[in-house]
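Chemist:
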Amino acid sequence: MIHLNLISPKQQKLLKVRNVYLYIENFLNLLIIASILIAISLIPINQTIANLSRTVEQKKGAVAASNKLLTDKINYLNEEITTIDSIQKSFNDWPGFLKELASLVPNNVLIIQINAQLKTNQFTMQGHAESREEYLLFKDNLENSEIFFDLNTPITDILQRENITFEISGFFNRL
248 MIHLNLISPK QQKLLKVRNV YLYIENFLNL LIIASILIAI SLIPINQTIA NLSRTVEQKK
308 GAVAASNKLL TDKINYLNEE ITTIDSIQKS FNDWPGFLKE LASLVPNNVL IIQINAQLKT
368 NQFTMQGHAE SREEYLLFKD NLENSEIFFD LNTPITDILQ RENITFEISG FFNRL
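Count the sequence shown with this note's numbering and you get residues 248 to 422, in order.
#1: Reducing DSSP to helix, strand and coil, say where ILE249 ends up.
#2: Which class does SER378 belong to by DSSP, given the choice of helix, strand or coil?
#3: What residues are listed by DSSP as bridge partners for ASN399?
#4: Hey, how far is the Cα of ASP397 from the Cα of SER333?
#5: Of the residues THR400, PHE395, MET372 and GLU393, which one's Cα is nearest the Cα of LEU383?
#6: Between the C-alpha atoms of ALA281 and ARG265, what's the straight-line distance to the nearest angstrom?
#7: Label ALA331 either buried or exposed according to how many other C-beta atoms from any shown protein chain fall within 10 Å of its C-beta, with 16 as the threshold for buried.
#8: Nearest to PHE395 by CA position, among GLU380, THR412, PHE338 and ASN368, is which residue?
#9: Please identify the residue among ASN410, ILE359 and PHE418 whose C-alpha is closest to the C-alpha of LEU389.
#10: Taking one C-beta from the segment 406 to 413 and one from the segment 355 to 375 each time, how about it: are there three or more such pairs within less than 8 Å?
#11: If we count the other Cβ atoms within 10 Å of its Cβ and call it buried at 16 or more, is LEU289 buried or exposed?
#12: Quick check: what's the CA-CA separation for THR329 versus ASP340?
#13: Distance, Cα to Cα, ASN276 vs SER300?
#14: Could you tell me the alpha carbon to alpha carbon distance between GLY343 and SER337, rounded to whole angstroms?
#15: Based on the DSSP secondary-structure assignment, which residues constitute the bridge partners of GLU409?
#16: Among residues of its own chain, excluding the 5 on either side of VAL356, which ones have a beta-carbon nearer than 6 Å to its beta-carbon?
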């Protein structure tokens, strides 16, 4: 068999380049068609996602509305806990305070009245001691205690030997 080559080498080269361009053009056309098909298939998916998003927002609103009662109860309890906490912070252990004071009072000393201010931690007490020694012992006990400090006593309280009516004022530490 004989092959005749009637096309010049220059034309052969042009035909080869043209074939390459045609292959590239066909490939790009296929790529465009594939992109269009993918875009068309994504439209319903996008609509489905939008519908699901609306459904989620509606359910979120419904859940928030149904949980409003529970949320209100929780907020009320939080307010109550805050109130209780503030009350507990302002509490002083008065029974412990009186027990400590009673342990400092010697025999034959009687406390008639005691006033204590929790806001300022100040106190004033009036009482009666049978003798000066018992009064001074009581005063020393108060000064050496961990609760009472900065005691003020009138000098007239120690001028008498017996049947002393006294008044002591000062500050106290909270228990």
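No residue lacks a Cβ here, since even glycine has one placed at the ideal position from N, Cα and C.
Modeler: The relevant details are as follows:
#1: coil
#2: strand
#3: Per the DSSP secondary-structure output, ASN399 pairs in a beta bridge with SER416.
#4: Distance between ASP397 and SER333, taken at the CA atoms: about 28 Å.
#5: THR400
#6: 24 Å
#7: First, the residue type needs correcting, since residue 331 is Ile and not Ala in the sequence shown. Answer is exposed; the Cβ neighbour count stays below 16.
#8: ASN368
#9: PHE418
#10: yes
#11: exposed
#12: 20 Å
#13: 36 Å
#14: 15 Å
#15: Note: GLU409 is bridge-paired with SER378 in the DSSP secondary-structure output.
#16: ALA376, GLU381 and PHE385
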